[in-house]
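Okay, structure first, notes after.
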Amino acid sequence: MSYLVLARKYRPRNFTEMVGQEHVVQALTNALTQQRLHHAYLFTGTRGVGKTTVSRILAKSLNCQGTDGHGGITATPCGVCQACTDIDSGRFVDYTELDAASNRGVDEVQSLLEQAVYKPVAGRFKVFMIDEVHMLTNTAFNAMLKTLEEPPEYLKFVLATTDPQKVPVTVLSRCLQFNLRPMAPETVLDHLTRVLAQENVPAEPQSLRLLARAARGSMRDALSLTDQAIAFGSGQLQEAGVRQMLGAVDRSYVFRLIDALAQADGRAVVETSDTLRLNGLSAASTLEEMSAVLQRMAVFQAVPQMAAAVDANDPEAVETARLASVLPADETQLLYSLCLHGRGELGLAPDEYAALTMVLLRLLAFKPSGESAEKKTLTRAETAPVQVPAVPAPVAAAAPAPAVMHAAPAVVRPVAAAVPAAAPETAAVAPQPPAVQPPAAAAVAAAPSPSAPPAAPAAAMSDDDASSEPPPWPGSDEEAGGAVVAVAPAASGTAMALPVRDAQSFERNARPPQSESAQGAPEFVAIPVRVAPEPGARMQPTPHSAPVPVSSRYTPTEEGDVWHTTVQQLVAAEA
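Quick note: the sequence shown uses the working numbering, first residue 24, plus one each step.
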C-alpha cells in the first residue's frame, strides 16, 4: 500500500477534530442543530487552515444517513455510512468540487449550473464546492448570480478563497461568510505532538517548536514539514537536523550576539557575524530571529511575572529571561527597531553578510555610553515663600476714569488732576514690572495729609479715587514721556501710592475742580485739529500740460483735513 502523507492521513473527519477554528465550528454546529441552514457559504483564509475540510464535513453533515441508515441532518456525522465514506473518498455523486483556478470560464460554470436542475441522486442535498473562487472571470460570476441568489431547496453552494477582496460584492452579499484564522504556534505544536505520538516518532520538543514557527499559521504546512523532517532525520526529529533542514539560524548565535551587544563587546559581535557567514546562514533569518528574541525580552521586561514563570525545561525561555534582566528596556526597544530597519537594507547592499555586519555594528554604535545612559530628570527649582499681602480696606466706588481717545496722528492724553499738597511722610510706591516700565524715571507722589486743605486751582483727590483709578491706556503716557507708578493695595490707615507723572504733565493736563454732583457726569475730551496747510495748497486742478492720471490731479487741502477730523471725532464718539 502506498504511503499517505500526514496532511491527508490526519485530515479532520468531523467538527470535533477541527483544530484552531472554534468560531466557525460553533456557528456551523448550531446552524445544523437548529436546522437554520443558509443556501451559500463562503470560507476565506490563508492556505492550509481548513477551508476544504470544513466544506467536506458540512457536506457529510447534510447527507449523513447514520449507522442504522435512518439518520438525518446532524452536526456529528457518523463517518461509516455510505454517504460519509463516499465523500471522504471523493466519489459521492451529489458532492461536486470545482477548481476555479483551472475551470475559470463561463462555459465551465454554466455546465455546473446545468446540474442544479436535477435533484440529488444518493443524498438529501447537492453540494457545489468551488475552490479558489476568486479566479473566476467576471462573466462566470455574472452567470452564477441568479442561481446563487435563489437556488433550489436541495442545492447548497460552498465557496472557498484565499483572496476575498477579488470576489465581487454581488457574490459576497449572497453568501454567509466565515473567516478561518491562521493558527497560533502553540496550537500547531500541540497538534504535531499528538500526530507524532500516534506515529511513534521520537521528537525533541525544540525541534517541534521550530516546525511550528516555520509553518506560519498553516497546519498543512506544519504536517508537510514534519514529513520532510522525519525523512531527513531517519525516523526521528532532532533540533540540529531540523535547523539544518530549515536553514534556520541557531538561537545560540542570536543569544551570543545580544549578549555581546549588552556588554558592548565589538570583537564578539564581529566574530559571531563571521561565523554566520562561514556556516552559510541567512542574514535575513539572523535578524528575524534577533527580532523574535528581542520581542520576547521586551515582554519579560514589561511583565516580570512572566519572566519568573518560564518553563525551566525550555532553555531558550530561560536564556531570554536572563538577557531581559541584563539589557535595559530602552536599549531593547532600540535594538528591536534597528533590527527591523536592517532587514529592509539587506537587499540594498552588494553583500548581505556585509550588510549584516554593518547592522550589528550600528546596534553597537547606537548603544548609549555609561554617562549618557544615566537618566536625567529635571529637579523642581526651590521657590522663595510667597508673602501674602495685607487685605486692603474696602473702598467706595469711584467715578470711572475718562476714556482715552486717539486722533491720528496726534496723541491725545487724558486730563489729569492736580496733586494735593505733600505731607511730611512719603507714600510707598510699588515697583513697575520690567515689561511695562517706561523709559522715563518714575516720580513718587506724596500722600495727602487728612488735615491739609486741598489746593485752590485743582480738585482734591481722595485715596479712594486714586486707588480706584484704572491704569492708563497703553501708548498714551509712554508716548508723552510720562511715567506711571503702579498702585499697590494698602491696608486701612497706611499710605497709598498715587499714579503720578512728571511736572510738565501736571502743568499741561491740570483740570478745574469738580463738584460731587459732577463727578458722575461723562467727561469729554477735545480732539485737536490738524494745522491748516498753506493757502496755496488748496485743492486746485493741475494744469493739463502734463499727462498725469486723474487720481493725482488734486492735492490734499484744508477741506480734506476737516473731513478727516470729522471722521475721527465720529469714530471716537462711537468708541
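C-beta: ideal position from N, C-alpha, C; glycine also.
Less than 8 Å divides the Cβ of Asp282 from the Cβ of Leu346. Of the residues Thr184, Leu371 and Glu227, the one whose Cα lies closest to the Cα of Ala263 is Glu227. With respect to the C-alpha of Ile80, the residue from Val150, Leu234, Asn202 and Val292 having the closest C-alpha is Val150. Spatial neighbours of Leu212 in its own chain (CB-CB distance under 6 Å, excluding positions within 5 residues in sequence) are listed in chain order as Leu231 and Ala235. Around the beta carbon of Asp117, 16 or more other beta carbons lie within 10 angstroms, which makes this residue buried. Cα atoms of Ser308 and Leu299: separation of roughly 11 Å, rounded to the nearest angstrom. For Gln200, there is no enclosing alpha helix (DSSP H); the enclosing beta strand (DSSP E) covers residues Leu199 to Asn202.
Cα atoms of Thr90 and Val48: separation of roughly 23 Å, rounded to the nearest angstrom. When the Cα atoms are used, Ala325 and Thr162 turn out to be separated by approximately 55 Å. Each residue's CA atom was taken as its position, placing Ala50 and Arg197 some 18 Å apart. The straight-line gap separating the alpha-carbon atoms of Ala306 and Glu375 is approximately 6 Å.
Counting of Cβ neighbours within 10 angstroms places Val322 among the exposed residues, the total staying below 16. Beta-bridge pairing by DSSP links Phe180 to Ala63 and Phe151.
Sorting Val341, Glu131, Glu311 and Ala344 by C-alpha distance to the C-alpha of Tyr359 places Glu311 at the top. Residue environment: Tyr141 is assigned as exposed (fewer than 16 neighbouring CB atoms within 10 Å of its CB, all protein chains considered). The DSSP-derived three-state label of Thr90 is coil.
Measuring C-alpha to C-alpha distances from Arg385 to each of Gly128, Val292, Phe66 and Leu301 identifies Val292 as the nearest. Leaving aside the five residues that flank Val190 on each side, the residues in its chain whose CB is nearer than 7 Å to its CB run, in chain order, Val156, His157 and Thr184. Glu173 carries a coil assignment under DSSP once its states are collapsed to helix, strand and coil. Distance from the CA of Pro208 to the CA of Gly240, rounded to the nearest whole angstrom, comes to 7 Å.
Pairing His214 with Val42, the inter-Cα distance amounts to about 8 Å. Under the DSSP assignment, Thr119 falls in the beta strand (DSSP E) whose first and last residues are Tyr118 to Asp122. When DSSP states are grouped into helix, strand and coil, Leu304 belongs to the coil group.
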